[in-house]
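Undergrad: Per my numbering: the sequence shown ends with 396, consecutive numbering throughout.
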Amino acid sequence: MVALAFAATSLNYLDRQALSVAAPVLMAQFGMNHQSYSHVVFAFMLAYTIGNGISGPLLDRLGTRLGFALTMAWWSAAGMLNGLARGPRSLGMFQFLLGSGEAGNWPASVKVVAEWFPTEERALASGIFNSGSAAGAILAPPVVVWLLLHYGWRQAFFAVGLLGYLWIAVWWLLYHTPEGVKSEVKLPGVSPAKLFRTRFVWSFTLAKVLLDPVWYFYVFWFPEYLKSARHFSMAAIGKYAWIPFGVAGLGNILGGWTSGWMLGRGLSLNAARKGGVTLFALLMTSAIPAVLARDARVSIALVSVAMLGYTACCSIMLAYPADVFPRSVVGSIWGLASMGSGLGGMIFALLTGWVLDRFSYVWVFVGFGLLPLLSAGVLWTLLGPISPSSCGLDPGVRAQGAR
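1) Exposed or buried, which one is L372 when buried takes at least 16 other CB atoms within 10 Å?
2) With H, G and I counted as helix, E and B as strand and the rest as coil, what does DSSP make of Y218?
3) Are the stretch 61 to 80 and the stretch -1 to 6 in contact at 8 Å, needing three or more beta carbon pairs?
4) Taking C-alpha atoms, which residue in I230, R258, A286 lies nearest to Y354?
5) Which residue spans inside the stretch 9 to 97 form an unbroken alpha helix (DSSP H) run of at least 4?
6) If contacts are defined as beta-carbon pairs under 8 Å, then S325 and P17 qualify, I think. What distance do you get, rounded to the angstrom?
7) Does the distance from the CB of A133 to the CB of A241 come in under 8 Å?
8) Locate the alpha helix (DSSP H) running through L166, then write down its first and last residues.
9) Under a three-way DSSP split, which group does P378 fall into?
10) Looking only at its chain, what residues have a beta carbon closer than 6 Å to the beta carbon of Q393, apart from the 5 residues adjacent to it on each side?
11) Would G92 be called buried (16 or more neighbouring beta carbons within 10 Å of its own) or exposed?
12) Under the assumption that S102 contacts Y6 (Cβ atoms under 8 Å), give the Cβ distance between them as a whole number of angstroms.
13) Assuming V153 and D8 are in contact, meaning their beta carbons sit under 8 Å apart, how far apart are those beta carbons, in whole angstroms?
14) Looking only at C-alpha atoms, which of I236, A96, M20, V291 sits nearest to A417?
15) For T374 and H224, what's the separation of their Cα atoms in angstroms?
16) Report the rounded CA-to-CA distance for F122 versus N98, giving the unit in angstroms.
17) Out of curiosity, what's the CA-to-CA distance linking T251 and G269?
18) Would you be able to state if there are at least three C-beta pairs under 8 Å between the stretch 194 to 211 and the stretch 327 to 338?
19) Pick out whichever of M86, F89, R115, A289 has its Cα sitting closest to the Cα of A229.
20) Between which two residues does the alpha helix (DSSP H) containing M227 stretch?
21) Measure the alpha-carbon distance for S308 versus S119 and round it to whole angstroms.
22) Taking C-alpha atoms, which residue in L(-3), G72, P111, S368 lies nearest to R58?
23) Taking contact to mean 3 or more Cβ pairs, one atom from each stretch, closer than 8 Å, check whether the stretch 248 to 267 and the stretch 134 to 145 are in contact.
24) Might you give, ordered along the chain, the residues of its own chain that have their beta carbon closer than 8 Å to the beta carbon of P185, omitting 5 neighbours on each side?
25) Helix, strand or coil: how does DSSP classify D205 here?
26) Just to check my reading of the structure: V296 and A312 have Cβ atoms closer than 8 Å, yes? What is that Cβ distance to the nearest angstrom?
27) Exposed or buried, E108, counting other C-beta atoms within 10 Å across all chains shown (16 or more means buried)?
28) Is the Cβ-Cβ distance between L366 and A305 less than 8 Å?
29) Helix, strand or coil: which one does DSSP assign to M(-6)?
30) Pick from L74, A71, A96, G60: whose alpha carbon is nearest that of V105?
31) Expressed to the nearest angstrom, what Euclidean distance is found between the alpha-carbon atoms of P81 and G157?
32) Would you report the Cα separation of R391 and P111, rounded to the nearest angstrom?
33) Please state whether DSSP places H224 in a helix, a strand or coil.
34) Which residues bound the alpha helix (DSSP H) around G259?
35) Leaving out five residues on either side along the sequence, give the residues of the same chain with a beta carbon under 6 Å from the beta carbon of G338.
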């Protein structure tokens, strides 16, 4: 079951990173500067933000099997439409459609983990499926560059979008809900607004506002950084841009394993989850020396460390909602938190484009090296303890959340 979520996440990133890999070509063809490109990224993030607020509750209502299939069908079609873009406006419109569909992947995958794995295994299971983001990002540079150089960028978008429909066929045949989950009593009246008013959800969302834009920066801007700041050709981008994402894939497993190891050593759930995130947030500060390094190889190595830190943080944080809340509402909670993620991505995408057109990548990398420490600070000071008793809902809901 977690392998299906891994495959979906891989396709999610293959579809979205087709834009960043093709960005140097698209910017030249459509006459875009950094700020214009940031508007296209903003369109994706705006839809991603809105889509998370809708997809989480919708997945809780439709169920994991049907909901995941529908969201995959939507974003795969939208990914193919990007191949029809005629300029920045139509490209931004198709990216908006892509973002609205891709938002459903994480609420759906978190529900898969919540349905199939107990507390002590959730962080590792989350890390496994989330490593699909690295897998998709690893595949994107060589695959998209090869398609682009041999067939054109339009055909590259068409080809990667088609893969989603193959996944739907396999998913529909194989996925089923465990009997124990089927027998659980659904919770009426727990609206997203009520969930967001709880201390855990709004502070967790704030932490995502500060953490996730770092990853979006690498996803949408790293190939362009290699071209403009390190003077890589498109062929060189296809050859080397996957390396940090390959290293990042290890972070998904390392983060989940570290959190489980801490629990096994007798640390409380609260200390293991927050301590693990803090440890890996410190690794993400390697972005600062990465931009200052003269050797491109050293820069790529340090970016790889920073990206490993992010995926390790994320694999641990993916387990947070199911640690505290009932399984029947984790999709809604993750959707709300991902709205924060998208909001941060929107703000920092525009800020990145503005800074790059006026200054350089140095200030951008410094900022994204420090943001994870602010996110970890929010978890320690505002989130409260990680336990079912801290969900902030009535005792009946807390009792179901403790299962």
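Built from N, CA and C at the ideal position, the CB exists for glycine as well. Note that the structure is a prediction, hence the values are computed from the model and not measured.
TA: Well, looking at it:
1) Here residue 372 corresponds to residue number 379 of the sequence shown, with the count starting at 1. The residue in question, L372, is buried, as its Cβ has 16 or more Cβ neighbours within 10 Å.
2) Taking the sequence shown and counting its residues from 1, the one referred to as residue 218 is at position 225. If DSSP states are grouped into helix, strand and coil, Y218 belongs with the helices.
3) yes
4) Residue numbering aside, residue 354 sits at position 361 when the sequence shown is read from its first letter. The option with the nearest alpha carbon to Y354 is A286.
5) 27 to 55, 57 to 74, 81 to 95
6) Indexing the sequence shown from 1 puts residue 325 at position 332. Indexing the sequence shown from 1 puts residue 17 at position 24. With 8 Å as the limit, S325 and P17 do not qualify as a contact, their Cβ atoms being about 39 Å apart.
7) In the sequence shown, counting from the first residue as 1, residue 133 sits at position 140. In the sequence shown, counting from the first residue as 1, residue 241 sits at position 248. Pairing A133 with A241 gives a Cβ-Cβ distance that is not under 8 Å.
8) As a first step, residue 166 is located in the sequence shown; it is residue number 173 there, counting from the start. Segment 146 to 167, the alpha helix (DSSP H) holding L166.
9) Numbered from its first residue, the sequence shown carries residue 378 at position 385. Of the three classes helix, strand and coil, the one that applies to P378 here is coil, per DSSP.
10) Within the sequence shown, residue 393 is the residue found at index 400, counting from 1. Caution is warranted here: a pLDDT of 47 is assigned to Q393, below 50, making its placement in the model unreliable, and the coordinate value is therefore given only provisionally. Around Q393: P319.
11) Here residue 92 refers to the residue found at position 99 when the sequence shown is read from its first residue. Flag for G92 reads buried.
12) Position 109 of the sequence shown, counting from 1, holds the residue named residue 102. Position 13 of the sequence shown, counting from 1, holds the residue named residue 6. With 8 Å as the limit, S102 and Y6 do not qualify as a contact, their Cβ atoms being about 12 Å apart.
13) As a working mapping, residue 153 is identified with position 160 in the sequence shown. As a working mapping, residue 8 is identified with position 15 in the sequence shown. Beta-carbon to beta-carbon, V153 and D8 are separated by about 6 Å, close enough to satisfy the 8 Å threshold.
14) No statement about residue 417 is possible, as the shown extent of the chain runs from -6 to 396 and does not include it.
15) Looking up residue 374 in the sequence shown gives position 381. Looking up residue 224 in the sequence shown gives position 231. Distance between the alpha carbons of T374 and H224 is about 42 Å.
16) One-based indexing of the sequence shown puts residue 122 at position 129. One-based indexing of the sequence shown puts residue 98 at position 105. Between F122 and N98, the C-alpha separation is close to 11 Å.
17) Position 258 of the sequence shown, counted from the start, is the residue given in the question as residue 251. Position 276 of the sequence shown, counted from the start, is the residue given in the question as residue 269. When rounded, the distance between both Cα atoms is 7 Å.
18) yes
19) Looking up residue 229 in the sequence shown gives position 236. Ranking the options by Cα distance to A229, first place goes to A289.
20) Your numbering for residue 227 matches position 234 in the sequence shown. Segment 227 to 233, the alpha helix (DSSP H) holding M227.
21) Here residue 308 refers to the residue found at position 315 of the sequence shown. Here residue 119 refers to the residue found at position 126 of the sequence shown. For S308 and S119, the distance between alpha carbons rounds to 5 Å.
22) As a working note, residue 58 is residue 65 in the sequence shown. Among L(-3), G72, P111, S368, the Cα nearest to that of R58 belongs to L(-3).
23) no
24) Within the sequence shown, the letter at position 192 stands for residue 185. Result list for P185: G46, G49, P50, S325, G328, L329, in chain order.
25) In the sequence shown, counting from the first residue as 1, residue 205 sits at position 212. Helix, per DSSP.
26) As a position in the sequence shown, residue 296 is number 303, starting the count at 1. As a position in the sequence shown, residue 312 is number 319, starting the count at 1. The pair is not a contact, with the Cβ atoms about 26 Å apart (cut-off 8 Å).
27) On the sequence shown, position 115 is the one that residue 108 refers to. E108 is buried by the Cβ-count criterion.
28) Mapped onto the sequence shown, residue 366 falls at position 373. Mapped onto the sequence shown, residue 305 falls at position 312. Inclusion of L366 and A305 in the CB contact set at 8 Å is not warranted, their separation being larger than that value.
29) Taking the sequence shown and counting its residues from 1, one reaches residue -6 at position 1. The answer is coil: DSSP assigns M(-6) none of H, G, I, E or B.
30) Walking along the sequence shown from the start, residue 105 turns up at place 112. Selected option, being the one with the closest Cα: G60.
31) For the purposes of this step, residue 81 is taken as residue 88 along the sequence shown, with counting starting at 1. For the purposes of this step, residue 157 is taken as residue 164 along the sequence shown, with counting starting at 1. Rounded to the nearest angstrom, the two C-alpha atoms are 25 Å apart.
32) Translated into the one-based positions of the sequence shown, residue 391 becomes position 398. Translated into the one-based positions of the sequence shown, residue 111 becomes position 118. Note that R391 scores a pLDDT of 47, beneath 50, so its modelled location is shaky; the value from the coordinates is reported in the next line. The straight-line gap from Cα to Cα measures roughly 16 Å.
33) Residue 224 sits at position 231 when you count from the first residue of the sequence shown. Coil.
34) By 1-based counting over the sequence shown, the position of residue 259 is 266. Where G259 is concerned, there is no enclosing alpha helix (DSSP H), given that its DSSP letter is neither H nor E.
35) Counting from 1 along the sequence shown, the entry for residue 338 is found at position 345. Within the same chain, Cβ atoms closer than 6 Å to the Cβ of G338 are found at M38, P206, Y209, the five residues on either side in sequence being excluded.
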